[in-house]
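Everything below concerns the one structure shown next.
There are 2 protein chains.
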Amino acid sequence: MEEREALFAEAFPFWKDLAPQQQSAILESSVEIFYPKGTVLHRAEQGCKGILLLCSGQLRTYIVSEEGREVTLYRVHGGEACVMAASCLMDAIVFDVLIEAIEDTRAITVPAAVFSRVIQDRPEAELFLYKTASERFSDIMWTMQQILFMGADRRVAIFLWDEYTRGGAVIALTHDEIARYIGSAREVVTKVLKYFAQEGIVSLSRGRVTVLDKEKLRALT
Amino acid sequence: MEEREALFAEAFPFWKDLAPQQQSAILESSVEIFYPKGTVLHRAEQGCKGILLLCSGQLRTYIVSEEGREVTLYRVHGGEACVMAASCLMDAIVFDVLIEAIEDTRAITVPAAVFSRVIQDRPEAELFLYKTASERFSDIMWTMQQILFMGADRRVAIFLWDEYTRGGAVIALTHDEIARYIGSAREVVTKVLKYFAQEGIVSLSRGRVTVLDKEKLRALT
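Chains as they are written, first to last, in the numbering used here: chain A, 1 to 221; chain Z, 1 to 221.
Right under this line is the structure:
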């Protein structure tokens with residue numbers, strides 16, 4: 001319980017302002033859940049899960065078109081909060097998304113009903129929700145702008161650069177996975193990657209892209 | 001001044017919770033500005049204007065691609081608040097937009113610096129900003145998803161263009177009928193048609209869509 005309290009104190013900027021009984025309500029109602037890689041843990045029609053604090057792993061938030069095309073909107077990493085599964089608490093948000101665990105993920109969930117009671121006399125708690133959501137929306141807008149406005153080569157380069165700065169030169173993703181992340185078609189990604197390989201920017205092998213020339217890659221972003 | 005106070009009390013849900021000196025700071029620093037139709041009143045690089053409360057008229061918020069292509073994100077009408085010109089107050093928002101008066105517009109502006117001081121001891125004021133921004137983002141996401149990702153606008157445009165070339169500018173069909181023709185939902189068709197009407201492409205009346213700008217319509221197909 002002490003470990004969990006430390007997590008809340010870290011993740012919730014309003015934690016120290018809560019009354020002791022509000023803190024215990026959150027502590028006692030929260031549950032740790034393990035989501036194996038590949039689990040779709042939230043869908044629009046499933047209603048309101050609550051606020052997820054990620055202990056480890058990674059979530060992906062995405063939308064799906066009528067034709068089944070997916071666009072990844074943003075990712076949530078260990079130590080971060082995912083508030084979109086609590087969108088019922090935010091009446092300003094009518095838009096809905098799907099959430100999938102893309103790694104084995106452990107998360108603490110604070111039930112929406114409990115958080116809702118805290119919100120009633122703590123505007124700071126509601127502010128936390130909307131502020132976190134706005135940060136994500138800001139990311140989403142960025143993604144949308146990439147998809148709408150930018151050339152595919154630039155989008156692939158930006159994606160590879162982000163992966164490179166986060167996890168190093170070897171990017172273990174298929175062309176299809178990259179295409180889904182950037183909201184493009186696999187064929188487009190394959191073309192762009194072949195072009196990058198010819199230019200000596202990356203090398204390609206099965207299920208993996210290795211960045212060879214990071215300066216050239218950065219120049220493309 | 002009394003009229004302005006009534007406007008603030010109506011637009012700001014936190015107004016009644018402010019200390020009298022906070023209310024007077026806002027009242028005394030706010031200015032009424034007239035923006036003739038066509039004025040671009042906010043750009044990313046111009047910094048932070050403040051919070052705009054629209055007395056009359058209409059604003060359009062939009063983004064522009066590198067090639068000059070514009071996408072309208074949402075509109076703000078009389079009686080509503082526009083917070084995107086105060087995005088400097090919201091450090092969670094890194095995304096930026098342009099704002100244009102599309103009608104002659106009168107607006108009361110509360111300077112960012114004054115609002116910033118109120119935020120410091122009133123989380124309700126910051127909540128108002130983020131909540132309003134989230135509402136807009138939620139609209140934007142919907143527009144993006146329908147218009148750009150799902151291709152609903154294209155399908156409606158293609159359908160209208162076919163009808164236009166076959167039977168002339170007046171298309172005597174309900175939204176429900178159009179939805180069934182293109183295999184979509186009535187709500188989606190209604191939203192797309194409203195968007196087209198705002199852009200001056202069509203006009204709408206009961207059971208009828210009239211094509212006003214055939215070039216713009218064709219460009220969408």
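Each residue gets a CB set at the ideal place from its N, CA and C atoms; glycine is no exception.
TODO: Might you give, ordered along the chain, the residues of its own chain that have their beta carbon closer than 6 Å to the beta carbon of Ser30 (chain Z), omitting 5 neighbours on each side?
DONE: Along the second sequence, read from residue 1 onward, the residue named residue 30 (chain Z) stands at position 30. Same-chain partners within the cutoff: Ile108, Val110.
Task: Beta-bridge pairing of Ile178 (chain A) - partner residues as DSSP gives them - done: The residue labelled residue 178 (chain A) in the question sits at position 178 within the first sequence. In DSSP, Ile178 (chain A) forms no bridge with anything.
Task: the stretch 185-203 of chain A in contact with the stretch 81-92 of chain A per 3-pair CB rule at 8 Å - done: no
TODO: Closer than 7 Å by beta-carbon distance: list the chain Z residues that pair up with Pro123 (chain A), in chain order.
DONE: By 1-based counting over the first sequence, the position of residue 123 (chain A) is 123. Ordered by position in chain Z, the residues that pass the 7 Å Cβ test against Pro123 (chain A) are Pro123, Glu124, Leu127.
Open item on the list: Between A:Gln120, A:Arg208, A:Phe196, which has its C-alpha nearest Glu215 (chain A)'s C-alpha?
Closed with: Your numbering for residue 215 (chain A) matches position 215 in the first sequence. Minimum Cα distance to Glu215 (chain A) is reached at A:Phe196.
TODO: Select from Z:Glu163, Z:Arg75, Z:Leu204, Z:Thr210 the residue whose C-alpha is nearest the C-alpha of Ile63 (chain Z).
DONE: By 1-based counting over the second sequence, the position of residue 63 (chain Z) is 63. Ranking Z:Glu163, Z:Arg75, Z:Leu204, Z:Thr210 by Cα distance to Ile63 (chain Z) puts Z:Arg75 first.
- [ ] Compute the distance between the beta-carbons of Arg208 (chain A) and Ala172 (chain A), then report whether it is under 8 Å.
- [x] The sequence position of residue 208 (chain A) within the first sequence is 208, counting from 1. The sequence position of residue 172 (chain A) within the first sequence is 172, counting from 1. A contact, by the Cβ cut-off of 8 Å.
Task: Distance CB(Glu302 (chain Z))-CB(Gly57 (chain Z)) smaller than 8 Å - done: Since the displayed chain Z opens at 1 and closes at 221, residue 302 (chain Z) lies outside it and no answer follows.
TODO: State the Cα-Cα distance for the pair Trp161 (chain A) and Gly183 (chain A), rounded to the nearest angstrom.
DONE: One-based indexing of the first sequence puts residue 161 (chain A) at position 161. One-based indexing of the first sequence puts residue 183 (chain A) at position 183. Spanning the two alpha carbons is a distance of roughly 16 Å.
Open item on the list: I want to see whether chain A comes within less than 8 Å of Ser134 (chain Z), judged by CB atoms only; does it?
Closed with: Counted from its first residue, the second sequence places residue 134 (chain Z) at position 134. With 8 Å as the cut-off, Ser134 (chain Z) counts as an interface residue toward chain A.
TODO: Would you be able to state if there are at least three C-beta pairs under 8 Å between the stretch 124-135 of chain A and the stretch 83-93 of chain A?
DONE: yes
Open item on the list: When you compare the CB of Ile140 (chain A) with every CB in chain Z, is at least one pair closer than 8 Å?
Closed with: By one-based count along the first sequence, residue 140 (chain A) stands at place 140. Yes, Ile140 (chain A) lies at the interface with chain Z (some Cβ there is under 8 Å from its Cβ).
- [ ] Quick one: give me the first and last residue of the beta strand (DSSP E) that Pro111 (chain A) is part of.
- [x] Counting from 1 along the first sequence, the entry for residue 111 (chain A) is found at position 111. Where Pro111 (chain A) is concerned, the enclosing beta strand (DSSP E) stretches over 105-111.
- [ ] Ignore the nearest five residues each way along the sequence and tell me which others in Met90 (chain A)'s own chain have a CB closer than 7 Å to its CB.
- [x] Translated into positions along the first sequence, residue 90 (chain A) becomes position 90. Contacts found: Leu129, Tyr130, Ala133.
Task: Separation of Cys55 (chain Z) from Arg4 (chain Z), as counted between CA atoms - done: As a first step, residue 4 (chain Z) must be located in the second sequence, where it is residue number 4. As a first step, residue 55 (chain Z) must be located in the second sequence, where it is residue number 55. When rounded, the distance between both Cα atoms is 10 Å.
Task: Beta-ladder partner(s) of Val202 (chain Z), from DSSP - done: Residue 202 (chain Z) sits at position 202 when you count from the first residue of the second sequence. Paired residues: Z:Val211.
Open item on the list: I'd like to know whether the C-beta atoms of Leu53 (chain A) and Leu18 (chain A) end up nearer to each other than 8 Å.
Closed with: Here residue 53 (chain A) corresponds to residue number 53 of the first sequence, with the count starting at 1. Here residue 18 (chain A) corresponds to residue number 18 of the first sequence, with the count starting at 1. No. Outside cutoff.
Task: Chain-order list of residues whose beta-carbon lies under 7 Å from that of Arg218 (chain A) (same chain, five-residue window excluded) - done: Residue 218 (chain A) sits at position 218 when you count from the first residue of the first sequence. Cβ within range, chain order: Trp161.
- [ ] Report the rounded CA-to-CA distance for Val170 (chain Z) versus Ile201 (chain Z), giving the unit in angstroms.
- [x] Here residue 170 (chain Z) refers to the residue found at position 170 of the second sequence. Here residue 201 (chain Z) refers to the residue found at position 201 of the second sequence. Computed Cα separation, rounded: 13 Å.
TODO: Look at the Cβ atom of Val97 (chain Z), then the Cβ atom of Leu59 (chain Z), and state whether they are nearer than 8 Å.
DONE: The residue given as residue 97 (chain Z) occupies position 97 in the second sequence. The residue given as residue 59 (chain Z) occupies position 59 in the second sequence. No.
Task: Pairwise C-alpha distance: Ala101 (chain Z) and Ile93 (chain Z) - done: Position 93 of the second sequence, counted from the start, is the residue given in the question as residue 93 (chain Z). Position 101 of the second sequence, counted from the start, is the residue given in the question as residue 101 (chain Z). Approximately 22 Å, taken between the alpha carbons.
Open item on the list: Tell me the DSSP secondary structure of Cys88 (chain A) in three-state form.
Closed with: Locating residue 88 (chain A) in the first sequence gives position 88, counting from the first residue. Cys88 (chain A): helix per DSSP, three-state reduction.
- [ ] Please classify Arg60 (chain A): does DSSP put it in a helix, a strand, or coil?
- [x] In the first sequence, the residue the question calls residue 60 (chain A) occupies position 60. Note: Arg60 (chain A) maps to strand in three-state DSSP.
- [ ] Following the continuous alpha helix (DSSP H) through Phe8 (chain A), name the residue where it begins and the one where it ends.
- [x] Counted from its first residue, the first sequence places residue 8 (chain A) at position 8. Its alpha helix (DSSP H) spans residues 2-11.
Task: Beta carbon proximity, Ala92 (chain Z) to chain A, threshold 8 Å - done: Locating residue 92 (chain Z) in the second sequence gives position 92, counting from the first residue. At least one chain A Cβ lies under 8 Å of Ala92 (chain Z).
TODO: Using the Cα positions of Arg180 (chain A) and Arg122 (chain A), report the straight-line distance between them to the nearest angstrom.
DONE: By 1-based counting over the first sequence, the position of residue 180 (chain A) is 180. By 1-based counting over the first sequence, the position of residue 122 (chain A) is 122. So the alpha carbons of these two residues sit roughly 39 Å apart.
Open item on the list: What does the alpha-carbon distance come out to for the pair Asp153 (chain Z) and Arg166 (chain Z)?
Closed with: On the second sequence, position 153 is the one that residue 153 (chain Z) refers to. On the second sequence, position 166 is the one that residue 166 (chain Z) refers to. Cα-Cα distance, rounded: 20 Å.
Open item on the list: For a test of the three-state rule: what should DSSP assign to Thr132 (chain A), helix, strand or coil?
Closed with: As a first step, residue 132 (chain A) is located in the first sequence; it is residue number 132 there, counting from the start. It is helical.
Open item on the list: I want to see whether chain A comes within less than 8 Å of Lys131 (chain Z), judged by CB atoms only; does it?
Closed with: As a first step, residue 131 (chain Z) must be located in the second sequence, where it is residue number 131. For Lys131 (chain Z), the answer is yes, since a Cβ of chain A falls inside 8 Å of its Cβ.
Open item on the list: What does the alpha-carbon distance come out to for the pair Ala157 (chain A) and Ala185 (chain A)?
Closed with: Reading the first sequence from its first residue, position 157 is the one you call residue 157 (chain A). Reading the first sequence from its first residue, position 185 is the one you call residue 185 (chain A). Whole-angstrom Cα-Cα distance: 15 Å.
Task: In DSSP terms, what Glu70 (chain Z) is bridged to - done: The residue labelled residue 70 (chain Z) in the question sits at position 70 within the second sequence. Looking at the DSSP assignment, Glu70 (chain Z) forms a beta bridge with Z:Val64.
TODO: May I have the straight-line CA-CA distance separating Gly50 (chain A) from Gln23 (chain Z), to the nearest angstrom?
DONE: Here residue 50 (chain A) corresponds to residue number 50 of the first sequence, with the count starting at 1. Here residue 23 (chain Z) corresponds to residue number 23 of the second sequence, with the count starting at 1. One C-alpha to the other measures close to 36 Å.
Task: Cβ neighbours of Leu27 (chain Z) in the same chain (closer than 8 Å, five flanking residues each side left out) - done: As a working mapping, residue 27 (chain Z) is identified with position 27 in the second sequence. Met1, Arg4, Glu5, Phe8.
- [ ] Spatial neighbours of Ile33 (chain Z) within its chain, please: CB distance less than 7 Å, with the 5 preceding and 5 following residues excluded, ordered by chain position.
- [x] Position 33 of the second sequence holds residue 33 (chain Z). Cβ neighbours of Ile33 (chain Z) beyond the five flanking positions: Ala107, Thr109.
Open item on the list: For Ser205 (chain Z) and Leu212 (chain Z), what's the separation of their Cα atoms in angstroms?
Closed with: Along the second sequence, read from residue 1 onward, the residue named residue 205 (chain Z) stands at position 205. Along the second sequence, read from residue 1 onward, the residue named residue 212 (chain Z) stands at position 212. About 13 Å.
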